[in-house]
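Please read the structure below before turning to the comments.
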Amino acid sequence: MMRTHAQDRQPSGVLQVNGLCKSFGGIHAVKDISFNVNRGEIVGLIGPNGAGKTTCFNLITGFYAPTSGTVHFDEQEVTGEKPYSMARRGIVRSFQKTNILKSLSVFENVLTGHYIEARQPVWKTFFPTAKVRQTEAAIRDSAARIVNTIGLSRHMNVPAAQLSCGELRLLEVALALAAKPRILMLDEPAAGLNSHEAREFGNVLRKLIGDLVESILIVEHNMGLVMSVSDRVVVMHFGQKLAEGTPEQVQRNSKVVEAYLGANAKEHS
Ligand SMILES: Nc1ncnc2c1ncn2[C@@H]1O[C@H](COP(=O)(O)OP(=O)(O)OP(=O)(O)O)[C@@H](O)[C@H]1O
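FYI, the numbering for the sequence shown is 1 to 269, going by full-length UniProt numbering.
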C-alpha cells in the first residue's frame, strides 16, 4: 500500500492526549500537554534536554500513570493502562538494543519477536499440528515482510552482532513491528547515527506508514531527521507545549528558536 500524505486526508485521530500532567515530587515534568496523532501521520515530539518528552512518551505507553489528564486511543480512554495493555491495543514502543539477541540472525530476531506476540511456545514448532503449521507459516511470512520493508533483506541471515549501528537501529524498529503496532512509538531511534544513516532511517519510517503501521510518534534530537520525516511537530519546553505545526512552521517560530538557543547557550556555558 502506498503512503497517502496525511495532509491529503481528513484528519482522523488515532491518539489523543489531553491536558496530560506528571509530577515527580515537586518537579512538574509534564504540564497540561495536549496533542493528537492522526491516522497516516508521523508526529515529531521535540524539545531541549529535560523538556519532558520521555515522560510524555512514558505516559502514553503506560510506563507512568499521569497525575492528571487523559489519553484516548481510537476514541477509547486508555489513561493509566499498563504497557502490555497499551501494546495489545496497538500502542507499541521500540527498545534500544535490549531486545536484540546478538548471536541470532536478523530474521531469527524478528521471528522471536513474533513468537512473543503470538504467545506460541517455540516447542510447538517441533510437534506441529495443522493449525500450528499455519500459524508458523504466517509468522515466517510476516517476519520476512518486515525485514524486507525495513530494508534489511540483504542481511536476513547475518547475526545481529555483525550489523552496523544504522542497521541495528532498523532491527530495533523491526522488533517493535513484530508486535503489530497501529501506532509506533519511537524514543530517540536515531541515537548515534551519522547524517547518511539518519536519512536512510527516515526513508524507512516513511515507507512504514500505511503499510505496516497507521501512525508514528517520534521523540528525537536529530533535527534533520525529525524535520524531514514528520508531518507535524510538537515542541515541548519546561514540561509545556511551546508550539505545534508543520516542520516549516515550527522552524520559523521565534519562541522555538529562542528555547533551543537558550538551551544550547546553557549547555555551552
Ligand atoms: N523518574 C523521575 N523522577 C524524578 N524526576 C524525573 C523523573 N523522570 C524525569 N524527571 C524529570 O522530569 C523532567 C523531564 O524529564 P524528561 O526525561 O521527560 O525530559 P526529556 O525532554 O525527555 O529530556 P532528554 O531530551 O534529556 O531525554 C526533568 O527535569 C527530569 O529530571
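For every residue, glycine included, the Cβ atom is placed at its ideal position computed from N, Cα and C.
Cβ-Cβ separation, residue j to residue i (assumed contact under 8 angstroms), whole Å
i	j	result
residue 174	residue 110	5 angstroms
residue 187	residue 219	5 angstroms
residue 259	residue 83	Not quite, the Cβ-Cβ distance comes to about 30 angstroms (not below 8 angstroms), so this is no contact.
C-beta neighbour in chain D for residue i, strict 9 angstroms
i	result
residue 170	Among the chains of the structure shown, chain D does not appear; only one protein chain is present.
Those residues which DSSP pairs with residue i across a bridge
i	result
residue 22	30
residue 77	72
residue 243	235
residue 35	17
residue 182	Partner(s): none; residue 182 has no beta bridge.
residue 187	219
residue 93	185
residue 159	105
Nearest residue (CA-CA) to residue i, options the options
i	options	result
residue 46	249, 233, 255 and 258	233
residue 183	18, 216 and 210	216
residue 56	38, 202 and 34	34
residue 20	70, 36, 37 and 138	70
residue 162	103, 136, 146 and 133	103
residue 250	22, 43, 23 and 134	43
residue 50	248, 252 and 221	221
residue 61	31, 95 and 158	95
residue 32	101, 58 and 18	18
residue 277	15, 75 and 154	With the chain represented from 1 up to 269, any question about residue 277 goes unanswered, as that position is not in the structure.
residue 152	132, 181, 136 and 107	107
residue 224	135, 214 and 203	203
Check: residue i C-beta below 8 angstroms from any heavy atom of ligand 2
i	result
residue 130	Of the ligands this structure carries, namely ligand 1, none is ligand 2.
(request) Count the CB pairs spanning the segment 234-248 and the segment 71-84 that are closer than 8 angstroms, and state whether there are at least three. (result) no
(request) Could you name the residues whose beta carbon sits closer than 6 angstroms to any heavy atom belonging to ligand 1, keeping them in chain order? (result) In chain order, the qualifying residues are 24, 27, 29, 47, 49, 50, 51, 52, 53, 54 and 55.
(message) Measuring CB atoms only, is the segment 139-158 touching the segment 86-101, in the sense that at least three cross pairs come out at less than 8 angstroms?
(response) The segment 139-158, when compared against the segment 86-101, does not touch it at the 8 angstroms Cβ threshold.
(request) Evaluate the contact criterion for the segment 155-173 versus the segment 196-213: three or more CB pairs, one atom per stretch, below 8 angstroms. (result) yes
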